[in-house]
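Structure record follows, encoded as structure tokens.
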Amino acid sequence: MSSTLDRQIRPIYDALETGSNKSAVLACNKVLKKQPNNVLVKALKALALVKLQKVEESLVLCDEVLASKPVDDGVLTAMMHVLRGLGRHNDMIAMFENAYKQQPTSEELGQQTFLANVRVGNWKSAQQIATKMNKQLREDRFLYWSVFSTLLQANDPSTPPELQPVLLKLAQRLIETTSVPSYSSPDRLYVHILVLRELKLYDEALALLTTEIGQAICETSLVCEELRRDLIHLKGLIKEEGDRAEQRIVEKKDRNWLEFISLLDAALWDVTSVPEPSDEAKAAAKERIKHTQEVLAKVAEEDGLKDRSAALASLDLEKRARAQDVSTDPSLARTLAENYFSKFSSKACCYEDLQPYVLFEGDELAKWTSFLESQRSFETLADLQRGINVLKLLRWNLTTDELTPELELARAKDYVKEYLAALPFGKSLPDTELQPADDLALLAGETYVNLWKLTNDQSHLFSAASILEYASARSKQSYRIRLLLIRIYHLLGAPSLALEHYRLMNVKQVQTDTLSHLVLTRAATFSLSALGDITYLSECMDSSQIYMSNSQETSEFISRAFQMEKYSQIEDIIVFEDRLDNSLQRDLMKIEHVRMRLAHEQINADLVDMELIELKFIFDRLHHDNRDFSIIPNYQPHSIPSFNEQTLPFGKIPGIGWLTVFLKIYIKAFQLASDLVESVEDKLLIGDRPKPSNDPENKIPLNERLAKKKEEEMEELTPDELAFYEFASALSEWLAPYHDYARPPPSALLAEAAKQNELKPGHPLRNITPPPDATNGSSKKDEEPPTVKEAPEVVSKFFEEMRTRFKAVAEGSQEPTELLHLATLTQEAFLVFTIETVRFKPASVIKQNKLNGLTPAFKEVRTKAVEVLTEISNELIKIAEQSATREKRDAFIAASKDVQAESGFDHDFVLGVARKTTDAKKHVLEGVGKGIQKVLKNHA
Amino acid sequence: MSILRPFRATDLFRFNNINLDIWTETYGITFYFSYLSRWPDLCCVQEAQDGKLMGYILGKAEGLGTEWHGHVTAVTVAPEYRRLGIGKKLIDLLEFVSDEKYKGYFVDLYVRCTNEVAIKMYENFGYSVFRRVREYYGSLGMGRDSKDEEDAFDMRKPLSRDPGRRSVRSNGREIIVGVHDVS
Ligand SMILES: CC(C)(COP(=O)(O)OP(=O)(O)OC[C@H]1O[C@@H](n2cnc3c(N)ncnc32)[C@H](O)[C@@H]1OP(=O)(O)O)[C@@H](O)C(=O)NCCC(=O)NCCS
């Protein structure tokens, strides 16, 4: 590069580096003025434009650069980022392959081409390139690249099964012909063992791991050690491994729980390895169990409080022995549990540790219970944790007989009392610390929730909210208290307070995928987007950031792991990328976003087409559920549903079935409304089409898939969602023939798009040339129009039925979430109806297509819908008025009386919570009510 | 009772009970993957029998010449599993691998000057303050003791390759450096 050019180009790089993309564009323009064909500058400008989200403009440059078949390093690097930003991975591969072809001896280009294939999971091509590079450059690294890509190709679901052994054999041959042994590094050894394991050559694999070097590697490499354990299991060397584990535990003081598992597996192997163990086998097992218990007892004694592994292993061994009917002492389990409790009750995890081992019955349960009761004390800070464990464990074993409202109320009061009494123990702690008494408040909160479940009386939820708010104010770092409050506020119809607590948990990055369900599940129910309040819309957008980062950044680390030869991480990163990319929560959120958007925006072709394309992609995905529900604390007895289950909004959690139903509803609606047909859609696409999953479902034609109704999917819907689904499917079935008839032909559409294209500065629709037979959308129809039928009953009766449902709740329980659910679904039905009738709004369309009968049919449905929605809206606003009155607050306070009783728990505090809650409820009821009016006005 | 196993990419879906704690920062995915794709043997988790994650450690190996060492980037244990020796096991492993495999001279780490629990723990494990680094951390956002909150101690512990303990010093607390003086 000449120095003048360098002087001109440096500022562009600097600007890009500092994120001043606008100045980068300006700097590029300056150079391009003098040198309009400078490919590097074009590429850099394309990059700056991509970063500025000016996709269309960047596409033009991008195509020009690609057409020049670049080989220059700087251009390739810039283009790599451009293409990644645009999601055009296939173009990236083509670009590098082309460059590599032109300079076949370039190691750098070879690597880049390999890695470009790796990023999109093209294992076959990757393997071929690596093999070629290895032949050419004789570097072991490339040999292992080739081996590992072969292995990944073999494991890829799209590889035909008969090809798998061939590929594995090839991989093995490759490794075993190299002069450098695989144990030159842990990760190479890992690859070698993996190949042998897949080929079921377990002895060979174990032989490698038991060499001196192999053993040394297992010492410092947990991944190799993990493989070793796996092989032992596959070989059935359970007893040998048990002996080894015993030695490691006793002599080396290894306290990895995996060693204890090996020890226990071996102890029971005589009876677990055969379907029907003989008496001798049972006797042998009893002998070995006895020995193992002795070993464990000794280790437990030695370890004292330092490590609880041996003590827990004892419990686990007895539990397993019982399950296999080789236990010799009916009260051993309880004795061990008591010992364990005596030793570790000062630890918070004592409860979780013991849960699986204390499911006693009858006499044993009575003894266990009275043991626990004898341990109850809250006198000192040291006692507190033990006391908490006592209460939790007692609660865990309560039977349904013991869970009457009276007894539960007494317990709730007891927990509150102990909580308030124990608070002073944590008084001097800094506010970065958790309060030691927190769990007592959690117990109280959960018990009040159970009372609500038992009695259906919402006032118990007030009590729960009061005590938990109190606790939250005292223990600001406790996210667990907030989790309970989030659920409770949703039940109370105060979603904004739930959102507040959620935000205070500071959920970010990948956590938004696993935790946003807490506030975004069926968020359209609570959103005031119709009034222009975009709180929930932006929460969805923020929570979706992580998926962008994933698709832009994660694959880079797959290639980095190749470069660093850390093969053991590659498959996991691939799995991670896939699970996040195809996350169920991502698309549940997407659906909520669409629902909220529809209430917020005008329904036009842009919205319809864009959503249609996106939802169709989603429809082809194989989803993974990454949502974390286990984070929600549960202190309910094992005889009843967990706190999570008790407080699920609407009693049902949307899963893949729910998602599929809503996808079907909206794809169908948008498909009818849209002029796009598949052939056109392809041309409008910017990035690569995502690889559809291998699900056989995906091979069925789209329309058939959309029409299919599946029992298991419908089970995930609430009854009212189901009614909405029936409405939407009947509606689209009714209207499909008219849309198909009236839709302009593809040729007209492409002509229009091409025309638009010329008007714009860039020309993003690369593949569009006006078709020869283009007419202006008014092509003459050969067929007669379909006869207009009346609206099917499901459609014409829907709104009336929703009115009845709504009235019943409004005059009955007035449960706020129920009211909102009914109101928003009715509104949603109206919006879907609007989407599917928008095409016929202009009188000219009706006339041209001779579909005159449609107008009165639409009018009838519409009028009914407007009438019902107006009534619902008025009613909501009325209920809202009444919900934040003084009386309601007093009722709240009166209901929380238990929480206040006999304590210093002050009235003003409860009043504050009452005010917040009733105000929040009023806000959302009123907002949704007014939102309906706005929607009706928008689509009048 | 805990299972010691490699940190896996998919653990990011499951570390909420650990990361919702305020002393533990949640970074972008590239942060975790840059460790996993280079030093997988210095990254591991402790898992409970029921599959819940209890704690994890992320580390790296870096430095030139006698500065070649293992570094603890993050070590954390979920609140409900503290004081059970989990933190110790994680650090033991990192020290062991830094010593045996990487042959480092020492292990070091940064800790907020206000994080008394952690500092005491490291001292128990044989670490000592090597220097104090000004404004190493962003604020925790609580507004108190903000100086101490943002400053870090760089703490070190020599490994077997440094029998003369050349990598540590006794007056480390008084040696103050700016954030640009450390890597
Ligand atoms: C620091 C942390 C990792 C310790 O984990 P841990 O599993 O509880 O630690 P261990 O049980 O292995 O404790 C080892 C020793 O450290 C000391 N220690 C740990 N926590 C302590 C506390 N709260 N108070 C006093 N000493 C403590 C003790 O000497 C303890 O040994 P002992 O229990 O036999 O007396 C944990 O508290 C944590 O995750 N904190 C939040 C994240 C963090 O601060 N990380 C460090 C940033 S550099």
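So the protein lines, in turn, are chains E and Y. Each residue of the first sequence is one higher than the last, beginning at 106 in my numbering. Each residue of the second sequence is one higher than the last, beginning at 40 in my numbering. Virtual Cβ for every residue (Gly too), placed ideally from N, Cα, C.
inquiry  = Quick check: is the beta carbon of A191/Y nearer than 7 angstroms to any beta carbon in chain E?
reply    = Your numbering for residue 191/Y matches position 152 in the second sequence. It does not; no Cβ of chain E falls within 7 angstroms.
field: Any chain Y beta carbon closer than 7 angstroms to W839/E
entry: For the purposes of this step, residue 839/E is taken as residue 734 along the first sequence, with counting starting at 1. So no, W839/E is outside the interface.
* To the nearest angstrom, how far is it from the Cα of T752/E to the Cα of R592/E? -> Start at 1 with the first residue of the first sequence, and residue 752/E comes out as number 647. Start at 1 with the first residue of the first sequence, and residue 592/E comes out as number 487. Cα-Cα distance, rounded: 6 angstroms.
### Query
Quick one: Cα of R195/Y to Cα of F365/E, how far?
Taking the second sequence and counting its residues from 1, one reaches residue 195/Y at position 156. Taking the first sequence and counting its residues from 1, one reaches residue 365/E at position 260. Answer to the nearest angstrom: the Cα atoms are 33 angstroms apart.
**OP:** May I ask you to report which of helix, strand or coil DSSP gives N361/E?
**Re:** The residue labelled residue 361/E in the question sits at position 256 within the first sequence. N361/E falls in the strand class under three-state DSSP.
*Counting only the same chain and skipping the five closest in sequence on each side, list residues whose C-beta sits under 6 angstroms from that of P869/E.*
Position 764 of the first sequence holds residue 869/E. In this prediction, P869/E has a pLDDT of 47, which is less than 50 and means its spatial position is unreliable; what the coordinates show is noted afterwards. Hits under 6 angstroms: E161 and L164.
*asked:* Following a CB-centred definition, is M160/Y positioned closer than 6 angstroms to any heavy atom of ligand 1?
replied: Position 121 of the second sequence, counted from the first residue, corresponds to residue 160/Y. Within the chosen limit of 6 angstroms, ligand 1 reaches the beta carbon of M160/Y through at least one heavy atom.
Worksheet entry | 7 angstroms Cβ cut-off: residues of chain Y touching D412/E | Position 307 of the first sequence, counted from the start, is the residue given in the question as residue 412/E. By Cβ distance, chain Y contributes G124.
What residues in the segment 727–742 of chain E have a beta carbon less than 8 angstroms from any beta carbon of chain Y? Residues N731, D733, S735 and I736.
Neighbourhood of G867/E by C-beta distance below 7 angstroms, restricted to the same chain and skipping five residues each side: The residue given as residue 867/E occupies position 762 in the first sequence. Because the pLDDT at G867/E is just 45, under 50, the model does not fix this residue reliably, and the value given afterwards should be weighed accordingly. Only E161, E162, L164 and V165 meet the Cβ criterion.
Margin query: I'd like the span of the alpha helix (DSSP H) that includes E244/E, first residue to last.
Written below: The residue you call residue 244/E lines up with position 139 of the first sequence. Neither: E244/E is in no alpha helix (DSSP H) and is coded neither H nor E.
Review point. Distance, Cα to Cα, L279/E vs V252/E?
Key: Taking the first residue of the first sequence as 1, we reach residue 279/E at position 174. Taking the first residue of the first sequence as 1, we reach residue 252/E at position 147. Distance between the alpha carbons of L279/E and V252/E: 7 angstroms.
- prompt: Can you list, in chain order, the residues of the segment 577–592 of chain E whose Cβ is nearer than 8 angstroms to any Cβ on chain Y?
  reply: Within the segment 577–592 of chain E, those residues whose Cβ lies closer than 8 angstroms to any Cβ of chain Y are, in chain order, Q582 and Y584.
8 angstroms CB neighbourhood of A386/E in its chain, flanking five on each side removed | Position 281 of the first sequence, counting from 1, holds the residue named residue 386/E. So the list reads D375, V376 and V379, once near-sequence residues are dropped.
Subject >> Inter-residue spacing [alpha-carbon to alpha-carbon] between T617/E and H606/E >> reply: As a first step, residue 617/E must be located in the first sequence, where it is residue number 512. As a first step, residue 606/E must be located in the first sequence, where it is residue number 501. It is roughly 15 angstroms from the alpha-carbon of T617/E to the alpha-carbon of H606/E.
Quiz item: What is the residue span of the alpha helix (DSSP H) that H186/E lies within?
Solution: Here residue 186/E is taken as the residue at index 81 of the first sequence, counted from 1. Taken as a continuous stretch (DSSP letters only), the alpha helix (DSSP H) holding H186/E covers D178 to L191.
field: Cut-off 7 angstroms between Cβ atoms - residues of its own chain near C323/E, not counting five sequence neighbours on either side
entry: The residue you call residue 323/E lines up with position 218 of the first sequence. In the same chain as C323/E, and ignoring 5 residues on each side of it, the C-beta atoms closer than 7 angstroms to its own belong to L314, C329, E330 and R333, in chain order.
Which chain Y residues are close to V950/E, counting only those with a beta carbon under 9 angstroms from its beta carbon? Locating residue 950/E in the first sequence gives position 845, counting from the first residue. By Cβ distance, chain Y contributes nothing, its closest Cβ being about 49 angstroms from V950/E, past 9 angstroms.
### Query
Can you list, in chain order, the stretches of the alpha helix (DSSP H) that have 4 or more residues and sit fully within the segment 361–391 of chain E?
Positions of the alpha helix (DSSP H) runs, each at least 4 residues long and wholly inside the segment 361–391 of chain E, are given as 362–377 in order along the chain.
For R592/E, which of helix, strand or coil comes out of DSSP? Here the question's residue 592/E lines up with position 487 in the first sequence. In the displayed model, R592/E falls within a helix according to three-state DSSP.
For Y149/Y, the three-state DSSP class (helix, strand or coil) = Start at 1 with the first residue of the second sequence, and residue 149/Y comes out as number 110. The answer is strand: DSSP assigns Y149/Y an E or B state.
**Study point:** Residues bridged to G94/Y [DSSP beta-bridge criterion]
**Key:** Sequence index remark: in the second sequence, residue 94/Y carries index 55 (1-based). Looking at the DSSP assignment, G94/Y forms a beta bridge with Q85/Y and V116/Y.
Q) Are the C-beta atoms of S41/Y and some chain E residue less than 7 angstroms apart? A) As a position in the second sequence, residue 41/Y is number 2, starting the count at 1. For S41/Y, the answer is yes, since a Cβ of chain E falls inside 7 angstroms of its Cβ.
Which listed residue (L157/E, Y672/E, D780/E and H595/E) has its alpha carbon closest to that of L566/E: Against the first sequence, residue 566/E aligns to sequence position 461. Scanning L157/E, Y672/E, D780/E and H595/E for the CA closest to the CA of L566/E turns up H595/E.
Determine the DSSP secondary structure at K993/E, reduced to helix, strand or coil. For the purposes of this step, residue 993/E is identified with residue 888 of the first sequence, where counting begins at 1. K993/E carries a helical assignment under DSSP once its states are collapsed to helix, strand and coil.
Could you confirm whether any beta carbon from chain E is found closer than 7 angstroms to the beta carbon of N224/Y?
Because chain Y is modelled from 40 through 222, residue 224/Y falls outside the range shown and cannot be assessed.
Next item on the list: Please confirm if S76/Y has its CB atom under 7 angstroms from at least one CB of chain E.
Entry: To locate residue 76/Y, count along the second sequence from 1; it is residue 37. For S76/Y, a Cβ of chain E is located within less than 7 angstroms of the residue's own Cβ.
Rounded to whole angstroms, what is the Cα-Cα separation between Q540/E and T619/E?
Position 435 of the first sequence, counted from the start, is the residue given in the question as residue 540/E. Position 514 of the first sequence, counted from the start, is the residue given in the question as residue 619/E. Approximately 26 angstroms, taken between the alpha carbons.
Can S1001/E and S571/E be called in contact, C-beta distance under 7 angstroms? Here residue 1001/E refers to the residue found at position 896 when the first sequence is read from its first residue. Here residue 571/E refers to the residue found at position 466 when the first sequence is read from its first residue. Yes, the pair counts as a contact, with Cβ atoms nearer than the cut-off.
Note to self: Distance check for F46/Y and A148/E, CA to CA, integer angstroms please.
What the structure shows: Your numbering for residue 148/E matches position 43 in the first sequence. Your numbering for residue 46/Y matches position 7 in the second sequence. So the two alpha carbons sit approximately 39 angstroms from each other.
| Counted within 10 angstroms of its Cβ, other Cβ atoms place A646/E as buried (16 or more) or exposed | Residue 646/E sits at position 541 when you count from the first residue of the first sequence. Looking at the sequence provided, one finds Met at residue 646/E rather than Ala. By the neighbour-count rule (16 or more Cβ atoms within 10 Å), M646/E is not buried but exposed.
Using a threshold of 7 angstroms, state whether the C-beta atoms of S648/E and S688/E are closer than that.
-> Sequence index remark: in the first sequence, residue 648/E carries index 543 (1-based). Sequence index remark: in the first sequence, residue 688/E carries index 583 (1-based). No, the Cβ-Cβ distance between S648/E and S688/E is not below 7 angstroms.
**Asked** If you follow the beta strand (DSSP E) that A191/Y is part of, which residue opens it and which one closes it?
**Response** On the second sequence, residue 191/Y is found 152 positions in, with the first residue counted as 1. A191 to P197 is the extent of the beta strand (DSSP E) around A191/Y.
Using a Cβ-Cβ distance cut-off of 7 angstroms, determine whether C82/Y contacts chain E. Position 43 of the second sequence, counting from 1, holds the residue named residue 82/Y. Cβ-Cβ to chain E under 7 angstroms: no for C82/Y.
Taking Cβ positions only, does R151/Y come closer than 7 angstroms to chain E? Locating residue 151/Y in the second sequence gives position 112, counting from the first residue. Closer than 7 angstroms: no.
Practice item. Could you work out which residues of chain E lie near I61/Y, taking near to mean beta carbons separated by less than 7 angstroms? Key: For the purposes of this step, residue 61/Y is identified with residue 22 of the second sequence, where counting begins at 1. Simply T537 and Q582.
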